[in-house]
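Encoded as structure tokens, the structure appears first; notes follow it.
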Amino acid sequence: MTNVEKKSEAAREPSAQVAPEAPAASAMPAGAPASVSAEALAHGGGAWADFRRRVGGNRGAMIALGVLSLLVVVALIGPFITPADPNAQNLRAVLLDPFSPGHLLGTDQLGRDILSRLIVGTRVSLLAIALALAVAMAIGVPLGFLSGFLSGRFDQVVMRLNDAAMSFPPLLLAIALVGVLGPSLRNAMFAVGILMAPRFLRLVRGVVLGLKEETFVEASRSIGTPTWMVILRHILPNTLSPLTVAIAVTAGYAMLSEAGLSFLGLGVQPPDASWGSMIREGFLYFGRSPWLGIFPGVLIALTVFTFVTLGDGLRDALGREERTES
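Taken in order, the sequence shown gives residues 1 to 326; the numbers are from the UniProt record's numbering.
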């Protein structure tokens, strides 16, 4: 067979070789941070959007978020829905039992409606938590960020001071600070916020130290990205998830601290009501009217449990996100 015939025969036969498939497009777009999971990119959005989706799939966290939202609504509209004036005294209706006419949860030692005081106390208690968290974050987050980002001698000095602050017994230090500043809700929560600041400082410092070593941060610096843009684009967004978890968990401790200081008479002052001050008043009449302290105690326990459950759900979502990325 001639060479021409062989070439013609080969052209008529189907090729035994299969053309290689074109490489699939990478699920991770160029320049995407390593902290963004493939699931987040598939649905659109970054790590923060992925974190929100994972929290939405946690039933316990969503129930806790619903209860917390209800408490916030009650705190906002509380003064408008109270069945009676929470500070109005009626010495003819002292220590009435629950389900008494006109007083669903009874009255206290001065004839004040317990339900009304619990409703207005919701605003005071949540405001106390917000104030303590604001002070703690205002001190701890910036210092933690600078300590982790700058490192060196500045980090050593800050951490030694932070360790010294955490070595003091929290309640005793809070009592000492309130004793110097004077008993009031604002001073009490300011003291609690100072005591919680070291925990936020350590958390943010650890997160920033880890992010500095990530590949996407080093790659961004290698192409000449300004430091401020690296911070805003890569470091700060990736601190939101662990910081959100810390806020939810710390809020429960803040409420317990407010209740403890108010029970000792260092927080809310009469005639204003908070759940902690109501427990203190009910403690004096526990043998005669135990519900005076039971009702606010149950609300404190429920609220703390809500914050802890929400924090656990957020932590679980953050843990699953990290496992997906690894």
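The beta-carbon is built from N, C-alpha and C at its ideal position, and this holds for glycine as well.
Computed from a predicted model, the values in this text were never measured in an experiment.
Determine the direct distance from the alpha carbon of residue 298 to that of residue 330, and round the result to whole angstroms. Since the first residue of the chain shown is 1 and the last is 326, residue 330 is not available in this structure.
Please report the straight-line C-alpha distance between residue 151 and residue 74, rounded to a whole angstrom. Counting from 1 along the sequence shown, the entry for residue 151 is found at position 151. Counting from 1 along the sequence shown, the entry for residue 74 is found at position 74. For residue 151 and residue 74, the distance between alpha carbons rounds to 45 Å.
Is there contact here, the region 133-140 with the region 196-210, by at least three beta-carbon pairs under 8 Å? yes
Could you please give the first and the last residue of the uninterrupted alpha helix (DSSP H) stretch that includes residue 200? Position 200 of the sequence shown, counted from the first residue, corresponds to residue 200. Per DSSP, residue 200 belongs to the alpha helix (DSSP H) from 185-212.
Would residue 161 be called buried (16 or more neighbouring beta carbons within 10 Å of its own) or exposed? The residue given as residue 161 occupies position 161 in the sequence shown. Residue 161 counts as exposed, since fewer than 16 other beta carbons sit within 10 angstroms of its beta carbon.
Does the beta-carbon of residue 278 have 16 or more other beta-carbons within 10 angstroms, so that it is buried, or is it exposed? Along the sequence shown, one-based indexing puts residue 278 at 278. That one is buried.
Residue 57 and residue 131 - do their beta-carbons sit closer together than 9 Å? The residue given as residue 131 occupies position 131 in the sequence shown. The residue given as residue 57 occupies position 57 in the sequence shown. Taking 9 Å as the Cβ cut-off, residue 131 and residue 57 do not qualify as a contacting pair.
In this structure, does DSSP put residue 82 in helix, strand or coil? Against the sequence shown, residue 82 aligns to sequence position 82. Residue state, collapsed to three classes: coil.
Report buried or exposed for residue 81, applying the criterion of at least 16 other Cβ atoms within 10 angstroms of its Cβ. As a position in the sequence shown, residue 81 is number 81, starting the count at 1. Exposed, because fewer than 16 other Cβ atoms sit within 10 Å of the Cβ of residue 81.
To the nearest angstrom, report how far apart residue 168 and residue 176 are at their CA atoms. For the purposes of this step, residue 168 is taken as residue 168 along the sequence shown, with counting starting at 1. For the purposes of this step, residue 176 is taken as residue 176 along the sequence shown, with counting starting at 1. Between residue 168 and residue 176, the C-alpha separation is close to 11 Å.
Taking its Cβ as the centre, do 16 or more other Cβ atoms sit within 10 Å of residue 218, making it buried, or is it exposed? Along the sequence shown, one-based indexing puts residue 218 at 218. Residue 218 should be labelled exposed.
Whole-angstrom distance between residue 231 and residue 294, CA atom to CA atom: Position 294 of the sequence shown, counted from the start, is the residue given in the question as residue 294. Position 231 of the sequence shown, counted from the start, is the residue given in the question as residue 231. Residue 294 and residue 231 have their C-alpha atoms roughly 49 Å apart.
DSSP three-state assignment for residue 100, whether helix, strand or coil: Residue mapping note: residue 100 aligns to position 100 of the sequence shown, counting from 1. Here residue 100 sits in strand by DSSP.
In the DSSP assignment, the alpha helix (DSSP H) including residue 219 goes from what residue to what residue? Indexing the sequence shown from 1 puts residue 219 at position 219. Unbroken alpha helix (DSSP H) run through residue 219: 215-222.
Here's the rule I'm using: 16 or more other beta-carbon atoms within 10 Å means buried, otherwise exposed. How should residue 228 be labelled? By one-based count along the sequence shown, residue 228 stands at place 228. With fewer than 16 Cβ atoms within 10 Å of its Cβ, residue 228 is classed as exposed.
Can you give me the start and stop residues for the alpha helix (DSSP H) that residue 232 sits inside? Counting from one through the sequence shown, the residue named residue 232 turns up at place 232. Annotation: residue 232 is outside any alpha helix (DSSP H) and is labelled neither H nor E by DSSP.
Please state whether DSSP places residue 108 in a helix, a strand or coil. Here the question's residue 108 lines up with position 108 in the sequence shown. If DSSP states are grouped into helix, strand and coil, residue 108 belongs with coil.
Closest to residue 261 by C-alpha separation, out of 275, 245, 250, would be which residue? The residue you call residue 261 lines up with position 261 of the sequence shown. Checking every option, the nearest Cα to that of residue 261 belongs to 275.
Rounded C-alpha distance that separates residue 268 from residue 159: Translated into the one-based positions of the sequence shown, residue 268 becomes position 268. Translated into the one-based positions of the sequence shown, residue 159 becomes position 159. About 33 Å.
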